[in-house]
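Asks: Have a look at the structure that comes next, please.
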Ligand code: G1P
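Numbering (my numbering), first residue to last: 300 to 592.
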């Protein structure tokens, strides 16, 4: 089955990056000249997604506005002949892609956020992209989300992206219970997930990094999922229930991830993308050299 829909939960309060996220959504923090959410949506589009479903909340309207038309700005830029900037503002979404927004009325966890998109997902398979995590596949042969969708299409097995993390980071993530000798760009079946375990209780060091491809069935299971860790409805718990019914795979990413949900991850992301941007790469490189002597 083709995967054309993606759910992106953006209702989080952004407490880990306060005060920057007090008046603007954390997803709108700039990574050089694009808000982080734009990079996430570009990643989804590159993997063939056509319908983006944002699960949002009051106070985060800036995200929807960013993907909407801005007539006044566009006509001003046009009159002034600022063609390149005009294109960067006007062509954020290809015409074949739609973005819709659904509200999550209460903060009841990631699983609940995904469930809020059920009416829009219907019976179709879908990807989930967590917007705190940026994925950069520029230097790898495979585009990770594309490969996960190919794997899903070939064998209908749910795909969960993982990467190795250091022991001290294990308790920040969902951890996969699987064979750990997994090469980058390859996948294997998984026997379970543990949400944010203590390092000595973790079944592996392969962390769920926020990219999933699910069958619509996960929505039914989420409906029956009781609040778990942190008294929230956990996506990980519904995934464990899905695993009782069907095989699931973890896919080890070959690109690089940046967890912008924390300050150091955000700084790393900005530096990484500044070193690739034609307008900033030279100066960023010299700055890094200058600061490291
Ligand atoms: C969520 C998931 C967790 C995953 C993480 C990736 O946790 O529950 O399994 O590893 O995203 O960023 P959160 O960061 O929302 O607490």
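Ideal Cβ placement from N, Cα and C applies to all residues, glycine included. Since we're looking at a predicted model, the values are computed, not measured.
How big is the Cα-Cα spacing for residue 399 and residue 586?
Replies: Their backbone Cα atoms lie some 40 Å apart in a straight line.
Asks: Can you tell me which of the three DSSP states residue 406 falls into?
Replies: Residue 406 falls in the coil class under three-state DSSP.
Asks: Taking contact to mean at least 3 C-beta pairs separated by less than 8 Å, is the region 484–504 in contact with the region 533–553?
Replies: Contact between the region 484–504 and the region 533–553 is present, because at least three Cβ pairs lie under 8 Å.
Asks: Could you check where the alpha helix (DSSP H) with residue 558 kicks off and where it finishes?
Replies: Where residue 558 is concerned, there is no enclosing alpha helix (DSSP H), although the beta strand (DSSP E) it sits in stretches over 555–558.
Asks: Using only the alpha-carbon positions, how far apart do residue 590 and residue 556 sit?
Replies: Using only the alpha carbons, I get a separation of about 24 Å.
Asks: Are residue 302 and residue 425 close, meaning C-beta to C-beta below 8 Å?
Replies: The answer is yes: Cβ separation under 8 Å.
Asks: In chain order, what residues of the same chain lie with their CB nearer than 7 Å to the CB of residue 518, ignoring the 5 residues before and after it?
Replies: 414, 417 and 420, listed in sequence order.
Asks: For residue 584, count the other beta carbons within 10 Å of its own beta carbon; 16 or more makes it buried, fewer makes it exposed. Which is it?
Replies: By the 10 Å Cβ count, residue 584 comes out exposed.
Asks: Cα separation between residue 464 and residue 582?
Replies: Rounded to whole angstroms, residue 464 to residue 582 spans 31 Å at the Cα level.
Asks: Any heavy atom of the ligand G1P inside 7 Å of the beta-carbon of residue 412?
Replies: Outside the cutoff, so no.
Asks: Using three-state DSSP, classify residue 514 as helix, strand or coil.
Replies: Looking at residue 514 - three-state DSSP - the assignment turns out to be coil, as it is neither helix nor strand.
Asks: Is it the case that the region 368–382 contacts the region 315–333, given that we only count it when at least three CB pairs across the two stretches are under 8 Å?
Replies: Judged by Cβ distances under 8 Å, the region 315–333 makes no contact with the region 368–382, as fewer than three pairs qualify.
Asks: Per DSSP, which residues does residue 492 bridge with? Please list them.
Replies: Bridge partners of residue 492: 475.
Asks: For the ligand G1P, I want to know if residue 446 counts as a neighbour, meaning its beta carbon is within less than 7 Å of at least one of the ligand's heavy atoms.
Replies: No, since every heavy atom of the ligand G1P falls outside the 7 Å radius drawn around the Cβ of residue 446.
Asks: If we ignore side chains and look at the alpha-carbon of each, how far apart do residue 392 and residue 366 end up?
Replies: The alpha-carbon atoms of residue 392 and residue 366 are separated by roughly 7 Å.
Asks: Taking the C-alpha atoms as reference points, what is the distance between residue 572 and residue 566?
Replies: Distance between the alpha carbons of residue 572 and residue 566 is about 10 Å.
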